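The block underneath contains the structure these notes are about, expressed in structure tokens.
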Amino acid sequence: MKKIQALLETNTKITKRELYYQMKHVVKNQDYIDRAINAISCILDVGPWAFNVVSQKGLVLGDLKIFMAHGSVVDCSISATLIPQDIEDIAELHSTARFILVVEKEAIFQKLIDEDFQTKLNVPFIMITGKGYPDLNTQLFLRKLWTSMSLPVFILVDSDPHGIQIMLNYKFGSIKNAHLSRYLAVPKAKWIGVYPSEIHKFEITTQPLSDSDLSRINNLLRAHYMDDNPEIVAELKIMLQHKLKAGIEGLIKNDVFLSDVYLTMKFVNHSFV
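Here our numbering is used: the first residue of the sequence shown is 289, the next is one more, and so on.
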């Protein structure tokens with residue numbers, strides 16, 4: 289708590305990793321720092337960003353200029369850019385984007401850039417990746433864009449329990465940070481794929497579900513918000529029935545299938561859950 293007080297008094301921002309290295313002589317590992325920060329966040333009922341502990345992992349690219357309170361401008365249209373650490377210091381957002389596409393994996397995010405999906409779709413949009421399970425900063429940023437610009441949000445993840453969990457974390461918030469869901473969740477976000485029901489249709493390479501996967505699916509099915517999301521429940525039950533999972537990479541039949549066929553079809557047919 290003394291360290292947190294010092295950060296606030298000096299208006300200094302720090303990442304959890306930096307905090308660990310500064311306190312390495314008194315703590316055992318990074319997990320100790322993570323649990324301590326989460327505990328303080330729960331006690332104070334605010335996000336870690338409120339006491340100047342920040343993160344910076346996610347990337348953004350697209351029709352967006354971010355104007356910070358201190359005068360700097362982040363132009364996200366030129367190349368993939370790290371999401372700013374200080375989301376609360378964003379003064380203005382300028383964009384003509386029509387929607388936001390959230391991509392689970394950085395490799396697929398880069399694949400869509402390489403396929404020039406932005407130009408092919410002929411509609412301005414913003415693309416974000418949290419590089420797997422998103423950090424709080426990525427979720428906070430997505431929520432900021434959604435609430436400030438009222439843009440629809442679409443989420444592309446693997447057809448496996450972890451991918452679906454990541455999609456649900458964006459949509460409803462995580463169990464670990466349930467006390468922060470009102471700051472992070474985007475409940476109207478739509479799951480655009482990959483669905484378990486599409487595995488056979490697109491002849492996607494599969495792997496068998498592990499016991500851990502099966503347990504995770506059953507835990508997801510028991511989540512309180514599933515009562516209001518029967519289409520997600522149906523997809524999870526299909527995965528359970530077939531006991532198979534697949535990655536987005538399985539859709540890469542050729543150099544442009546993901547952008548020219550799969551995602552274009554989704555947007556044209558309004559095919560999302």
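Even for Gly, the Cβ is constructed at its ideal location relative to N, Cα and C.
Model, not experiment: these values are computed from the prediction.
Whole-number beta carbon distance between residue j and residue i, since they are thought to touch under 8 Å
| i | j | result |
| --- | --- | --- |
| Leu428 | Leu381 | No, Leu428 and Leu381 are not in contact; Cβ-Cβ is about 14 Å, not under 8 Å. |
| Asn425 | Gln373 | 6 Å |
| Leu444 | Ile388 | So it is not a contact: roughly 11 Å between Cβ atoms. |
| Gly346 | Lys419 | 7 Å |
| Leu539 | Ser329 | About 37 Å separates the two Cβ atoms, so there is no contact after all. |
| Glu523 | Tyr483 | 5 Å |
| Phe442 | Lys478 | 5 Å |
| Ile536 | Asp446 | 6 Å |
| Phe413 | Ala385 | 5 Å |
| Ala534 | Ile487 | 5 Å |
| Asp501 | Asp448 | 7 Å |
| Thr375 | Lys432 | The question names Thr, but residue 375 in the sequence shown is Ile. With a Cβ gap of about 6 Å, Ile375 and Lys432 count as contacting. |
According to DSSP, residues forming a beta bridge with residue i
| i | result |
| --- | --- |
| Thr369 | Val348 |
| Val362 | Ile354 |
| Leu532 | Pro496 |
| Val341 | Ile302 |
| Lys476 | BP columns for Lys476 are empty, so no partner. |
| Leu381 | Ile354 |
Proximity winner among the options, relative to residue i (alpha-carbon distances)
| i | options | result |
| --- | --- | --- |
| Thr604 | Phe397, Thr435, Lys432, Ile401 | Because the chain is modelled from 289 through 561, residue 604 falls outside the range shown and cannot be assessed. |
| Glu392 | Pro496, Ala338, Ile378, Met415 | Met415 |
| Phe460 | Leu546, Leu508, Met311 | Leu508 |
| Asn410 | Val561, Leu528, Phe560, Ser547 | Ser547 |
| Leu349 | Ser383, Gln318, Ala327 | Ser383 |
| Glu519 | Asn506, Thr298, Ser485, Val362 | Ser485 |
| Glu403 | Phe560, Phe545, Val561, Ser559 | Phe545 |
| Asp377 | Asp501, Asn340, His488 | Asn340 |
| Ala370 | Ala534, Leu439, Asp423, Leu502 | Looking at the sequence provided, one finds Leu at residue 370 rather than Ala. The shortest Cα separation from Leu370 among Ala534, Leu439, Asp423, Leu502 belongs to Asp423. |
| Glu567 | Ala379, Tyr421, Gln406, Ile375 | One cannot answer for residue 567 here, as it falls past the ends of the chain, which runs 289 to 561. |
| Ile364 | Gln406, Ala466, Pro475, Gln453 | The question names Ile, but residue 364 is Cys in the sequence shown. Nearest of Gln406, Ala466, Pro475, Gln453 to Cys364, Cα basis: Gln406. |
| Leu439 | Ala379, Pro475, Met455, Ile454 | Pro475 |
| Ala338 | Thr300, His450, Ser360, Val362 | Thr300 |
| Val390 | Trp434, Val361, Val362 | Trp434 |
| Val521 | Leu332, Gln453, Phe490, Arg470 | Gln453 |
| Lys489 | Lys541, Arg470, Ser503, Gly335 | Lys541 |
| Gly335 | Lys525, Asp543, Arg510, Ala466 | Ala466 |
| Arg470 | Met437, Ile302, Ile292, Asp333 | Asp333 |
| Val577 | Ala327, Ala511, Met455 | Only positions 289 to 561 of the chain appear in this structure, which leaves residue 577 out of reach. |
| Asn326 | Ala379, Ser462, Gly451 | Ser462 |
Residue-chain proximity (residue i, chain E), Cβ-Cβ < 8 Å
| i | result |
| --- | --- |
| Thr407 | Among the chains of the structure shown, chain E does not appear; only one protein chain is present. |
* Asked: In the stretch 481-511, which residue ranges form an unbroken beta strand (DSSP E) of at least 3 residues, counting only runs that do not cross its ends?
  -> none
* Asked: Which runs of the beta strand (DSSP E), 3 residues or longer, sit entirely within the stretch 383-465?
  -> 388-391, 414-417, 441-444
* Hey, is the stretch 549-556 in contact with the stretch 509-529, meaning 3+ C-beta pairs nearer than 8 Å? -> no
* To do: Assess, as a yes-or-no matter, whether the stretch 398-408 is touched by the stretch 313-324 under the definition of 3 or more beta carbon pairs within less than 8 Å.
  => no
* To do: Would you check if the stretch 479-497 and the stretch 519-538 touch, i.e. whether three or more CB-CB distances between them fall below 8 Å?
  => yes
* Asked: Does the pairing of the stretch 350-362 with the stretch 311-319 give three or more beta-carbon distances under 8 Å?
  -> no
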